[in-house]
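In the UniProt record's numbering, the protein residues as written are 1 to 191. Beta carbons are placed, not taken as given, at the ideal position from N, Cα and C, and that holds for glycine. To keep things clear, I will list the structure first and then write my remarks on it.
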């Protein structure tokens, strides 16, 4: 449709005394962008008239508005409000499900970051000794300290690299945990 509309605009530019002095299209694969320069006659037009001349507005007849309803049946709709009334509850339900999925994901991410932060601080503060100990003993101590498993194991903690224990990485971990926690709180506060 953009090719047809571009041709239409170019015809308006080439029309003597037309509403446009120039037209440049700056499209990308994700957006449509026409930059228009009005001629003197175009600048003198009312907004309403300009919308009409540029074909940016049109009336739609509802005499034959047939759509599939949520159950797959074809239904005749008398107005856009009828379509809105039919589909709004469905969209609302979809948004609610999306919110629940996002909250679950943010909660998991926040829990993981908080546990990493707790683990790193335990090691840095020498409250948890790792060197020379059996994995089972370390896991038991982590469990006693309230550090949660992920996927049934502590591999996400015990597999961390030495570089993750530097003060810069710890600060980054704390900032990430704070940022994810804030996103979660904001999402929880939305209806």
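DSSP state of residue 110 mapped onto helix, strand, coil: Assignment of residue 110 by DSSP, reduced to helix, strand and coil, places it in the helix class.
Per DSSP, cross-strand counterpart(s) of residue 38: 20
Residues that DSSP places opposite residue 67 in a beta bridge: 75
Option in 183, 82, 17 and 120 with minimal Cα separation from residue 68: 82
Cut-off 7 Å between Cβ atoms - residues of its own chain near residue 173, not counting five sequence neighbours on either side: 113, 116, 117 and 120
The alpha helix (DSSP H) enclosing residue 8, as first and last residue numbers: 2 to 14
Beta carbon proximity, residue 49 to chain B, threshold 9 Å: Looking at the structure shown, chain B is missing, and only one protein chain is on hand.
Separation of residue 12 from residue 56, as counted between CA atoms: 14 Å
Three CB pairs or more closer than 8 Å across the segment 72 to 87 and the segment 137 to 148: no
Sufficient close CB pairs (3 or more, under 8 Å) joining the segment 93 to 105 to the segment 157 to 177: no
Helix, strand or coil at residue 31 [DSSP, three-state]: It is coil, neither helix nor strand.
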